[in-house]
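If you count by mature numbering (1 follows the signal peptide of the UniProt record, and there is no 0), then the sequence shown holds residues -22 to -1, 1 to 278, one letter each, in order.
We put the CB at the ideal spot given by N, CA and C, even for glycine.
Written below as structure tokens is the structure these notes are about.
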Amino acid sequence: MKRRSMFACAVLIATTFTSAGAAAAATGSGPGTAASPDPNAPKGGVVAGAHAFAPGARNSLAAKRFRELHRARLQRDEIHEFWGVQPAGDTHDGIMATQSVAPNYRVSSYEDFTYAPTLKAAGSCMEVTTVYSLTMGNGLWAWDWCGHEGPARELKIDDEFIETYTKPVNDRPAYNIQLVQTNAATNEWTAYLYNHKTAVWDLFYRQSGRDQSNATYGWDIFEIYATNDPSSGNAYFCSEAKNDVFESSSIRLRLKEVWRPASPVDSPWEPTAQPNPKDWGCPALKFDRAGANDHWAVHQ
């Protein structure tokens, strides 16, 4: 199954995120801690620190050129792989998950991007992704699929974010994200982050219109764009993320106001249940199907 490389057009965007420091490191916690807050908890706050994405002349030109290259399907010396679950389009009108963050992970190449985890509901107007890059640092994006097909809102992964929007899950900080259709007539979708200080779902981004992804399914996946390190023969990602774990847990789907865990029936593993790590430029990479299609982890 083919998947559009929707983040490719942002390769040289000159936005800078400030990464979290050592104080943001997660401390001990057992499996499932803070894994999934009540999806029907109050909504009403606004995500602190989030701001509109402001493209400039330089990054707009870079995006245009990359789109042209992508559409021409030119061969590039770059690895682009993804893996995770893809909920079918007729199975949900909302999706939520608990997404890990790796505050100390650093990307060293301007051409490399890690989007993990990244979440989109079928037909939704936004995708919320955890972004790691040299150009932008570490942060969250709300990628607009119904407007200009690009990042619309951004948020740093810094100490404030860690303290407000994450709790330790399996010894790693993780945030809770929810994407729900809030007006079927206009196909309005809203993305919320759970605020652990206030126990309220805070508004991150809202948009309506026609989903321009041309996909009939949603996804919760691990995705990389990576270049090879000539000295090792592996992707730079392999050494840079050696000690990091990328995890998505408590993946749940909503249909007609009822939430349920993602399952093999509605959310198959794609593009395969067990990827070949050599295709990713990292022979030591492991892909854990930690739950019945509602929990996965990628690590070495």
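In this structure, the beta-carbon distance from residue 106 to residue 181 does not fall below 9 Å. Residues -6, 109, 132, 133, 134 and 135 of the same chain have their beta carbon placed closer than 7 Å to that of residue 117, with the five preceding and five following residues left out of the count. Every unbroken stretch of the alpha helix (DSSP H) spanning 4 or more residues and falling wholly within the segment 192 to 237 is given here in chain order: 214 to 218. Exposure of residue 29 is indicated by the presence of fewer than 16 other C-beta atoms within 10 angstroms of its C-beta.
Remark: C-beta atoms of residue 196 and residue 58 do not approach each other more closely than 9 Å. Excluding sequence positions up to five before and after residue 170, its CB lies within less than 7 Å of the CB of 21, 156, 179, 180, 181 and 182, all in the same chain and listed in chain order. Taking all protein chains shown into account, residue 130 has 16 or more neighbouring C-beta atoms within 10 Å of its C-beta and is therefore buried.
Here residue 256 has no same chain residue with a Cβ atom under 6 Å from its own Cβ, once five neighbours each way along the sequence are excluded. Contact between the segment 223 to 242 and the segment 268 to 275 is present: three or more C-beta pairs spanning the two stretches fall below 8 Å. The beta carbon of residue 186 sits closer than 8 Å to those of 103, 124, 161, 164, 165, 166 and 167, all from its chain and outside the five residues before and after it, given in chain order. Residue 69 carries a helical assignment under DSSP once its states are collapsed to helix, strand and coil.
For the 9 Å CB-CB criterion, residue 246 and residue 64 form a contact.
When beta bridges are read from the DSSP output, residue 239 appears opposite 230. When secondary structure is reduced to three states using DSSP, residue 141 falls in the helix class.
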